[in-house]
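**Q** Using our numbering, the first residue of the sequence shown is number 7, and each one after it goes up by one. Idealized CB from N, CA, C, for every residue including glycine.
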Amino acid sequence: MNTLIHFKGVNPMQKKESNSSQQSIERALKLLNIMADNRTALTVTEISRLLNISRSTAYAMLNVMTEMNYLSRDPETGKYFLGYQVFILGSRARIRYSHLLACDTLLVNILPQISVPFNTINIMVLEQDYKVLRFITKWPSLLASSSNQFSQQRVHPCYCTASGRILISEFPEEEQRKILESQNLYAYTSSTVTDIDQLTDILKKIPKQGYTVEVEEYANFEINAAAPIRDYSGKIVAAVNICASKLVYQNRTQEYTQLLLALSQEMSSLLGYQGHMA
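Okay, structure coming up:
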């Protein structure tokens, strides 16, 4: 007796629809990134050219995104810009790090007492793709804060930033190497360390020292110093970072180090850590 075996294949139409849906999602997300990086509103023609799609396809996508408030359209110029729904999502994403908001309050209270000049003081966290997110940023004055808060880059690499190195400094060496190998080790300046062996040597020294300093590796004329923020269990959950002019920092290194370690200790204590930082 012959036995017929029926294989359930994929319907070509279903596969086509699935690919089309994925492509539409990719285009929409790409457009949001473009709009976020662009300081000016864009026309349909500019959007269709940037996404390499027809104007009719662009119109269809823009209509949906506008209806859902991810984009807004200027009725006078017809140009598109980011909608308020993006702001809402960004605000809700901060909930993940709500435990760090106490550190924000601490910074607000301590800023008037800081005697050394600085560009920014930041609280940084590690994301799943091993990029470093600038969660909280404080400037030395309200004027600097208002003019910079929307222009500052928020995501940074981990291999060439002091905060990034702090955040992966207590991972096993094998994991550190895997992380470094997965990164595009781009040289942002002539001082950027891109050799994996050199980077792992730098990481080895951090736990004993308790902090790390990066000199002009990510930006010329800047020094960044970072130290860990630990939770009640002792785990590093964030990093506090001081960014300052190279010239000023090198003349007052000890003062910056004392400030950094004091912030690290205070913020860790707020999260329940009872140990003593280096």
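Would Tyr255 be called buried (16 or more neighbouring beta carbons within 10 Å of its own) or exposed?
**A** In the sequence shown, counting from the first residue as 1, residue 255 sits at position 249. Flag for Tyr255 reads buried.
**Q** Cβ of Arg33 within 7 Å of Cβ of Leu57?
**A** As a working note, residue 33 is residue 27 in the sequence shown. As a working note, residue 57 is residue 51 in the sequence shown. Taking 7 Å as the Cβ cut-off, Arg33 and Leu57 qualify as a contacting pair.
**Q** Have a look at Leu68, Asp135, Ser60, Arg160 and flag the residue whose alpha-carbon is nearest the alpha-carbon of Asp43.
**A** Here residue 43 refers to the residue found at position 37 when the sequence shown is read from its first residue. The candidate whose alpha carbon is nearest that of Asp43 is Arg160.
**Q** According to the neighbour-count rule (16 or more other Cβ atoms, all chains shown, within 10 Å of its Cβ), is Ser104 buried or exposed?
**A** As a working note, residue 104 is residue 98 in the sequence shown. So Ser104 counts as exposed.
**Q** Give every residue of the same chain whose Cβ lies closer than 8 Å to the Cβ of Ile235, excluding the five residues on either side of it in the sequence, and list them in chain order.
**A** Mapped onto the sequence shown, residue 235 falls at position 229. Excluding positions up to five away in sequence, the list reads Leu106, Cys109, Ile129, Ile242, Val243, Ala244, Ala245, Val246, Ser270, Met273, Ser274, Leu277.
**Q** Thinking C-beta only, is Val122 closer than 7 Å to Leu262?
**A** As a working note, residue 262 is residue 256 in the sequence shown. As a working note, residue 122 is residue 116 in the sequence shown. The displayed chain sequence assigns Tyr, not Leu, to residue 262. Contact: yes.
**Q** Which runs of the beta strand (DSSP E) fall wholly inside the region 16 to 80 and span at least 3 residues, in chain order?
**A** The qualifying runs are 77 to 79.
**Q** Considering only C-alpha positions, which residue in the set Glu179, Val219, Lys184 is nearest to Thr198?
**A** Locating residue 198 in the sequence shown gives position 192, where the first residue counts as 1. Considering only alpha carbons, the answer is Val219.
**Q** Under the rule that 16 or more other beta-carbon atoms within 10 Å means buried, what is Phe124, buried or exposed?
**A** Locating residue 124 in the sequence shown gives position 118, counting from the first residue. With 16 or more Cβ atoms within 10 Å of its Cβ, Phe124 is classed as buried.
**Q** For a test of the three-state rule: what should DSSP assign to Pro213, helix, strand or coil?
**A** Numbered from 1 along the sequence shown, position 207 holds the residue referred to as residue 213. If DSSP states are grouped into helix, strand and coil, Pro213 belongs with the helices.
**Q** Determine which residues share a DSSP beta bridge with Ala233 and list them.
**A** Taking the first residue of the sequence shown as position 1, residue 233 is located at position 227. Note: Ala233 sits in a beta bridge opposite Val246.
**Q** Report all residues from its chain with a CB closer than 7 Å to the CB of Gly170; omit the five preceding and five following residues, and keep chain order.
**A** Here residue 170 corresponds to residue number 164 of the sequence shown, with the count starting at 1. So the qualifying residues of the chain are Val138, His162, Pro163, Cys164.
**Q** Decide if Gln182 is buried, meaning its Cβ has at least 16 other Cβ atoms within 10 Å, or exposed.
**A** As a first step, residue 182 must be located in the sequence shown, where it is residue number 176. Gln182 should be labelled buried.
**Q** Helix or strand or just coil, what does DSSP make of Asn125?
**A** Indexing the sequence shown from 1 puts residue 125 at position 119. Looking at Asn125 - three-state DSSP - the assignment turns out to be coil, as it is neither helix nor strand.
**Q** To the nearest angstrom, report how far apart Ala150 and Ile142 are at their CA atoms.
**A** Indexing the sequence shown from 1 puts residue 150 at position 144. Indexing the sequence shown from 1 puts residue 142 at position 136. Low per-residue confidence applies at Ala150: pLDDT is 46, beneath 50, and the placement is therefore not dependable, though the value from the model is reported in the following sentence. Straight-line Cα distance between these residues: approximately 15 Å.
**Q** Can you tell me where the beta strand (DSSP E) holding Val199 begins and where it ends?
**A** Here residue 199 corresponds to residue number 193 of the sequence shown, with the count starting at 1. Premise fails: Val199 is in no beta strand (DSSP E) and is neither H nor E.
**Q** Does DSSP classify Lys85 as helix, strand or coil?
**A** Working through the sequence shown from its first residue, we reach residue 85 at position 79. Lys85: coil per DSSP, three-state reduction.
**Q** So, helix, strand or coil for Lys184, using DSSP?
**A** As a first step, residue 184 is located in the sequence shown; it is residue number 178 there, counting from the start. In this structure, Lys184 counts as helix in the three-state DSSP scheme.
**Q** Sorry if obvious, but does the Cβ on Arg171 come closer than 6 Å to a heavy atom of the ligand ATP?
**A** Among the ligands in the structure shown, none appear at all, so the ligand ATP cannot be discussed.
**Q** Do you know offhand how far Ile212's Cα is from Arg98's?
**A** Start at 1 with the first residue of the sequence shown, and residue 212 comes out as number 206. Start at 1 with the first residue of the sequence shown, and residue 98 comes out as number 92. Ile212 and Arg98: Cα-Cα distance of roughly 33 Å.
**Q** Between the Cα of Ala47 and those of Leu88, Ser60, Ile127, Gln280, spot the shortest distance and give me the residue it belongs to.
**A** Taking the first residue of the sequence shown as 1, we reach residue 47 at position 41. Taking only the C-alpha atoms, the option nearest Ala47 is Leu88.
**Q** Leu253: which of Leu267, Asn226, Ser239 sits nearest, CA to CA?
**A** Position 247 of the sequence shown, counted from the start, is the residue given in the question as residue 253. Taking only the C-alpha atoms, the option nearest Leu253 is Asn226.
**Q** On the DSSP bridge list, what partners appear for His162?
**A** For the purposes of this step, residue 162 is taken as the residue at position 156 of the sequence shown. The partner list for His162 (beta bridge, DSSP) reads Val138.
**Q** Which of the three DSSP states is assigned to Val131 in this structure?
**A** What you label residue 131 is simply residue 125 of the sequence shown in a count that begins at 1. In this structure, Val131 counts as strand in the three-state DSSP scheme.
**Q** Please report how far the alpha carbon of Glu180 lies from the alpha carbon of Thr49, in whole angstroms.
**A** Here residue 180 refers to the residue found at position 174 when the sequence shown is read from its first residue. Here residue 49 refers to the residue found at position 43 when the sequence shown is read from its first residue. Answer to the nearest angstrom: the Cα atoms are 48 Å apart.
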